[in-house]
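The sequence shown begins at 48 in the numbering used here and counts up by one.
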Amino acid sequence: MRLDRRFDNLLSSSFYTNLYALLLSLGPVYWLPGVSPALLLILKSFLFVVLITISVSALVVKKRFLFCGGKPVFIIFSFFCLASIPAIIFGEFSQSVYHVQNSLQIFLFVAATSVLIEYGRVLVVARRAVFLFFLFSSLSIVMMLLFPDYPNPLNQQLSVANTGLGGSRTGWSPAVALFMPWAYSLGYSSLFMSVLQVFVFASNQIITVGRTGILASLVPLFVLGALSKRIKVFLAVSFSLVILIIYAVYNLDDLRLNQGGFDSLESVNELSTGRVDDYVVAGKIIMQSPLTGQGFNLLVNAGEGAYPHNVFILLTAQGGILLGGSAFILVCLGLLSGLRKFRSSPIKQASFLTLLAGFVVAMLEPKFIFGNFNNSVFWWFCFCLCASKRV
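Spelled out as structure tokens, the structure:
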């Protein structure tokens, strides 16, 4: 009984919530000036292990099993793991191990977040995580303005102006998009703070010219305008659209919108920087091996390699329609749960918009949600908030 109470005190403490918030905010951050990327990775791994150990130990002591979304989510995720077996068997060893590790991290994190929700600490964690990531994003902006050529230690050919504090532009800009809805929709911060956060987040995306991240930030904003009945929200969305059009017109080269077009498949392929060809090759692979895929390898068909920039197409080509289908159903389940409760509370609204932003990223990037736990850890946190009936 005493041990039970100790866990209650620990799980309700600021120590636990601060560690959780730090893990969520550090997820997309891969380097800091003067800090070794390896040290940051060790810190994130340490935070994850500590939080999982505390949460799982609490479940063992209390003799309970909690999983956000209950049986439907647990069954679908379990099916996703089972459907991965053929791809693991036929895949390259290192990639297969990475997939197993990533899936295990997601499973344990969802269980741990279930404990956090049980103790009613999610809002505190979310607000602190968003604020901490805002600080990291502010540091990124300062470096971009003062030292734009400061090299990224993970890739010396790229600078902070190209990648922010992430490993690449395609990782940093989408990660910023996940936190963006919490800046303008939660309603717990002052107007000045909300505007400042949106400005800092948007500036990170504009300077790095991350097309996917910018789109992933705009889609939730437009959905908010469509679902909200408040005139000021509609006006804010309309104003944002005007700003976007002006920005796109003056930055066609940087956004690579002046290449290709929509008049032919070749033009669309040029506009998408060769991604249509990857989709075509992946489609052929899926037709040839619909149940097993080619395994967790570099996709090859008739000597032609492919790396489709779509999480669900990539998973289907690697592990078959059962793997890709279960991943898609799991994401849609979270989106539908959030949509049903969209107007119930600000935290549900912000969580749903984050899930929507992540879905947009997953449709345009190959390693998101199911492919890189650190980059998508905040997405999974919001997934738990949408799927849970206790938030």
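Using N, Cα and C, we set each Cβ at its ideal position, and we do this for glycine too.
Source: prediction; values computed, not measured.
Since residue i and residue j are thought to touch, with beta carbons under 8 Å apart, how far apart are those beta carbons, to the nearest angstrom?
i	j	result
F417	L362	7 Å
F425	L88	The pair is not a contact, with the Cβ atoms about 17 Å apart (cut-off 8 Å).
N413	P337	The amino acid at residue 413 is misidentified as Asn; the sequence shows Pro. Not a contact, Cβ separation roughly 20 Å.
F399	C433	6 Å
Q341	F137	7 Å
T160	W219	Not quite, the Cβ-Cβ distance comes to about 24 Å (not below 8 Å), so this is no contact.
V207	A230	About 22 Å separates the two Cβ atoms, so there is no contact after all.
A105	V189	Not quite, the Cβ-Cβ distance comes to about 40 Å (not below 8 Å), so this is no contact.
S143	A397	Actually they do not touch by this definition, with Cβ atoms about 35 Å apart.
F124	L377	6 Å
Shortest alpha-carbon distance to residue i belongs to which of the options?
i	options	result
M23	A249, V189, G214 and N209	Residue 23 is absent from the model: the chain starts at 48 and stops at 438.
N149	C433, L57, F420 and V438	F420
L79	T401, I188, L212 and R52	L212
S187	S392, V327 and V247	V247
K395	G385, A404 and L403	G385
E165	R111, M410, L338 and V256	R111
I135	S125, H146, F126 and F127	H146
G81	D55, L268, V245 and P200	P200
V157	F93, R437 and C431	C431
S423	I153, I122 and E351	I153
L90	I101, Y77, L192 and T100	Y77
R387	A353, S435 and I360	S435
I360	S392, C379, A409 and E351	A409
R10	I101, S92 and T217	Examination of residue 10 is not possible in this model, given that the chain is present from 48 through 438 alone.
G272	M190, R390, S92 and P119	R390
S215	L182, P267, R258 and F239	R258
A222	N251, F93 and S237	N251
I122	V438, A329, L383 and A374	A374
N348	L179, A85 and D325	D325
L57	V97, P75 and A85	V97
S184	N357, S61, A364 and G74	G74
P267	L238, A224 and M240	A224
L380	K118, V270, V438 and Q203	K118
F126	L243, L179, F239 and G366	G366
S59	G167, K109, F428 and G116	G167
M240	V120, Y63, T210 and L182	L182
I99	F62, L155 and T217	L155
F415	S275, T217 and V120	T217
L94	S83, V107 and F62	F62
May I ask you to report which of helix, strand or coil DSSP gives residue i?
i	result
P198	strand
R52	helix
S237	coil
L312	Low confidence applies to L312: its pLDDT is 44, below 50, so where it sits in the model is not reliable, and the reading given next is rough at best. L312: helix per DSSP, three-state reduction.
N251	helix
Y63	helix
Q204	strand
L268	helix
L346	strand
V157	helix
V82	strand
K110	coil
G330	helix
F119	With the sequence shown as reference, residue 119 is identified as Pro, and Phe is not the correct amino acid for it. Residue state, collapsed to three classes: helix.
G340	coil
R437	coil
G218	helix
S423	helix
V147	helix
S72	helix
L90	helix
Y77	coil
Is any beta-carbon of chain B found at less than 8 Å from that of residue i?
i	result
G138	Here chain B cannot be found, since the structure has a single protein chain.
Problem set entry | the segment 67-74 in contact with the segment 168-175 per 3-pair CB rule at 8 Å | Yes, the segment 67-74 is in contact with the segment 168-175.
Problem set entry | At least three beta-carbon pairs within less than 8 Å, the segment 355-375 to the segment 123-134 | By the Cβ criterion, the segment 355-375 is in contact with the segment 123-134, since at least three pairs of Cβ atoms, one from each stretch, lie closer than 8 Å.
Problem set entry | Length-filtered (3 minimum) beta strand (DSSP E) runs lying within the segment 163-187 | Qualifying beta strand (DSSP E) stretches: none in this window.
Exercise. Do the segment 185-200 and the segment 260-269 meet, that is, are 3 or more Cβ pairs less than 8 Å apart?
Worked result: With a cut-off of 8 Å, the segment 260-269 and the segment 185-200 do not count as touching, because too few Cβ pairs lie within range.
Problem set entry | alpha helix (DSSP H) segments (min. 4 residues) lying fully within the segment 343-421 | Listed in chain order, they are 358-366, 368-387 and 393-411.
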